[in-house]
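Notes follow the structure.
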Amino acid sequence: MSLPDNIIITDAPFSPEDEFARFRAGLTNAGAMVTFTGIVRDRAASTEGANTVTALQLQHYPGFTEKQISIFAQLATERFEINKFLIVHRVGTMTPSDPVVMVAVAAVHRRAAFEAADFLMDYLKTSAPFWKKEVRGTQSVWIEPRTADYTDIARWDAQNDTRDET
Amino acid sequence: MMARLLFFGKFSDIAENGEVTLPSHVTDTEALLLWLGQAHDGFAALWVKPGTMMVLNHVTVSERAPIKPSDEIAFLSALSGG
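In structure tokens form, the structure reads like this:
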């Protein structure tokens with residue numbers, strides 16, 4: 052299976068501004084574009100141990116991770132009727148303030164673009180095959196999604212249920 | 002029989018990725034799990050934790066499946082998300 056060119060997983064630093072410029076080049080049928088960029092924080096995700104993050108290490112399963120994201124992105128494309136999307140995700144070792152993920156969505160109208168970007172990020176934060184470890188000085192701690200991340204993605208199922216009832 | 006074993010997340014703290022010659026009795030995923038549990042301290046305890054997965058040639062498997070030469074089998078601890 053060939054990997055889609057709009058799902059990029061890279062161990063090299065990337066520029067969200069450059070990625071967005073490439074994404075929007077020649078795109079004339081979209082009235083709305085939304086981008087989201089996630090940045091490595093210098094504060095720990097949990098309160099366990101030291102709380103200053105010196106590095107973030109991210110693993111993925113080459114080929115499998117792209118395939119899983121692709122399946123979910125197809126759902127997003129159908130659900131929100133978007134014109135185009137781009138997902139760029141860093142792996143390897145990053146330091147605070149590095150961009151770690153970028154999602155860009157283009158749609159005819161703004162609501163679809165906002166919702167699709169939100170939906171894709173909720174998926175990436177909870178269910179995409181990534182594993183991350185925060186390095187806090189001499190310690191390193193594996194990170195799992197927060198309860199709030201699961202609550203966020205459950206909103207989309209709730210919206211489906213509501214639609215089913217009407 | 003040779004197989005490619007991959008370990009992600011917390012499993013990567015326990016075992017290393019690589020081509021492995023499996024013992025002759027390891028012909029399915031259940032036997033593989035038992036063998037890995039004996040070969041690597043902490044593997045069996047981690048395997049029973051919520052969210053762990055086994056992936057055979059990029060397809061998640063939840064029941065006993067045969068292993069063929071050159072298969073790729075990955076062990077995934079609970080996902081972190083991106």
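So the protein lines, in turn, are chains F and S.
So the first sequence is numbered by this note's numbering: it starts at 52 and just counts up by one.
So the second sequence is numbered by this note's numbering: it starts at 2 and just counts up by one.
Backbone N, C-alpha and C fix where the C-beta goes; we use that ideal spot for every residue, glycine too.
From a predicted model like this one, the values you see are computed outputs, not experimental measurements.
Cβ of residue i within 8 Å of Cβ of residue j?
i, j, result
"R94 of chain F", "V85 of chain F", "no"
"D173 of chain F", "I204 of chain F", "yes"
"V142 of chain F", "D56 of chain F", "no"
"A179 of chain F", "G82 of chain S", "yes"
"V156 of chain F", "A168 of chain F", "yes"
"F12 of chain S", "Y112 of chain F", "no"
"L137 of chain F", "F65 of chain F", "no"
"L33 of chain S", "W48 of chain S", "no"
"G38 of chain S", "F44 of chain S", "yes"
"L171 of chain F", "A124 of chain F", "yes"
"S148 of chain F", "I194 of chain F", "no"
"E166 of chain F", "F131 of chain F", "yes"
"A76 of chain F", "V159 of chain F", "no"
"K118 of chain F", "L78 of chain F", "no"
Assuming residue i and residue j make a contact with CB atoms under 8 Å, what is their CB distance in whole Å?
i, j, result
"M145 of chain F", "F87 of chain F", "In fact, because the Cβ distance is near 17 Å, the residues do not count as touching under 8 Å."
"I58 of chain F", "I120 of chain F", "5 Å"
"A79 of chain S", "V56 of chain S", "Actually they are not in contact, since the Cβ atoms of A79 of chain S and V56 of chain S sit about 14 Å apart, beyond 8 Å."
"R161 of chain F", "A83 of chain F", "4 Å"
Any idea which residues DSSP pairs residue i with across the strands?
i, result
"L7 of chain S", "S:A75"
"L107 of chain F", "F:M145, F:E185"
"V85 of chain F", "F:V156"
"S191 of chain F", "F:V186"
"R94 of chain F", "F:T103"
"I204 of chain F", "DSSP lists no partner for I204 of chain F."
"T61 of chain F", "F:R141"
In chain order, what residues of the same chain lie with their CB nearer than 6 Å to the CB of residue i, ignoring the 5 residues before and after it?
i, result
"P67 of chain S", "D29"
"L23 of chain S", "M2, A4"
"Q108 of chain F", "T144, K184"
"A16 of chain S", "F8, H41"
"Q139 of chain F", "Note on residue identity: the sequence assigns Val, not Gln, to residue 139 of chain F. Excluding sequence neighbours, V139 of chain F sits near I59, F65, E70, M153."
"E20 of chain S", "M3, R5"
"S128 of chain F", "Per the sequence shown, the amino acid found at residue 128 of chain F is Thr instead of Ser. Nothing meets the Cβ criterion."
"S191 of chain F", "K184"
"P67 of chain F", "T88, P150, M153"
"W182 of chain F", "Q110"
Going by beta carbon distance, what residues of the same chain come within less than 8 Å of residue i, once the five residues before and after it are set aside?
i, result
"K176 of chain F", "P196, D200, D203, I204"
"P70 of chain S", "M2, M3, A4"
"R65 of chain S", "D29, T30, E31"
Among the residues of its own chain, which have a CB less than 7 Å from the CB of residue i, if the five just before and after it don't count?
i, result
"H26 of chain S", "A32"
"A164 of chain F", "A83, M84, V85, I133, V156, A157, A158"
"E73 of chain S", "R5, L7, N58"
"D215 of chain F", "At D215 of chain F, the pLDDT of 49 sits below 50, so the modelled position is not reliable; the number obtained from the coordinates is stated separately. Contacts found: none."
Positions along the stretch 43-63 of chain S whose CB lies within less than 7 Å of some CB in chain A
Absence of chain A from the displayed structure is noted, the protein chains being F and S.
Hey, which unbroken runs of the alpha helix (DSSP H) at 4 residues or more fall wholly within the stretch 109-167 of chain F?
115-131
What ranges does the alpha helix (DSSP H) occupy inside the stretch 8-78 of chain S, keeping only unbroken runs of at least 4 residues that lie completely in it?
30-40, 44-48
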